[in-house]
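The sequence shown stops at residue 288 when you use the working numbering, and every number in between is there.
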Amino acid sequence: QTAARQHMERMLDGYAPPLDGSHITRFLFDQLSCSGITEAQVLWLQGFPLHALRAIEHNVTRTLALDHALSLCNALAKSACHVALLAGDLIAAARYTSLLCEHTARHGLEVWHTFGRCFEGVLLIKRGEVDAGLSVLNTALGDLPKARFTLPYNPVIAEFALALGQRGAQARGCAMIDDALALSRQSKEGWYDAELLRTKGELALHDDPRDATGEAEGHFLAALEIARKQAALAWELRAATSLARLRQRQTRVGEAREVLAPVFD
């Protein structure tokens, strides 16, 4: 993530968009908007949630001014909605999700609209309306493969799987995580692997807090290793928190502190 941020900052500092808009024609999306998407993701992953939220707000405001439908969809679906959710800003996430759904409905952009519905489902789950959220996600995710369209939907998959665990459907949740990890290995889209593994560990604890302890611990440790290799402090903190919570359940409070304190610092 450190190297990624350096590349993005160099691009943003040096890029001059052509006055005739030819880069949008050539690359389908506005290139500054695309860079802003990655910049916000990297900032959040490095452990700067407030910086990331400011970056997505700036990017959405700028992209709205372009009046280019696909660039706005891209900025909202690939960055604004899910970064706001990751940062825990449900008000901002709801605003971006509403904008995405309204914009895609107006322009008849069905696949992007489906992703808007996915984010609506995640928002319902985050607000405690788990069954309603699962219903929305079940329908929306079922519509995506038909479109043969790829977007990074691992954040949605992880939330869906955790919600399934709350309703006793851990096996289905784990199967979804395994599929997501397999696709990630195939596409080399590894940026969400640490959180997928952490999610699988949490699902194991849902299944049986006593018998699944060894399995859950293995997933948390694997998540920590990946997060450290990627310099993704946000994932490292999440994985360390899950592992520390497990240690606490095992009455290994000192070890729990040893896991969490250095990451938190």
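The C-beta atom is built at its ideal place from N, Cα and C for all residues, glycine as well.
Buried versus exposed, by CB contacts within 10 Å (16 or more), residue 221 | buried
From 63, 69, 91, 267, residue whose alpha carbon lies closest to that of residue 78 | 63
Where residue 134 and residue 92 are concerned, what is the direct C-alpha to C-alpha distance, given to the nearest angstrom?
-> 13 angstroms
Specify, as a first and last residue, the run of the alpha helix (DSSP H) that residue 126 falls within.
-> 113-130
Should residue 176 go down as buried or exposed, given a rule of 16 or more other Cβ atoms within 10 Å for buried?
-> buried
Excluding the 5 residues preceding and the 5 following residue 28 in the sequence, name in chain order all residues of the same chain whose CB lies nearer than 8 angstroms to its CB.
-> 62, 65, 66, 69
Just curious, the alpha helix (DSSP H) that residue 254 is in, first and last residue?
-> Careful: residue 254 lies outside any alpha helix (DSSP H) and carries neither H nor E.
Go ahead and label residue 129 buried or exposed: buried means 16 or more other beta carbons lie within 10 angstroms of its beta carbon, across all protein chains shown.
-> exposed
Starting from residue 142 and walking both ways along the alpha helix (DSSP H), at which residues does that stretch end?
-> 133-149
Go ahead and label residue 101 buried or exposed: buried means 16 or more other beta carbons lie within 10 angstroms of its beta carbon, across all protein chains shown.
-> buried
Taking the alpha carbon of residue 24 as the point to measure from, which residue in 192, 76, 274, 258 has its own alpha carbon closest?
-> 258
Sub-8 angstroms separation of residue 228 and residue 245 beta-carbons = no
Between residue 42 and the rest of its own chain, which residues show a CB-CB distance below 6 angstroms, the 5 nearest in sequence each way excluded?
-> none
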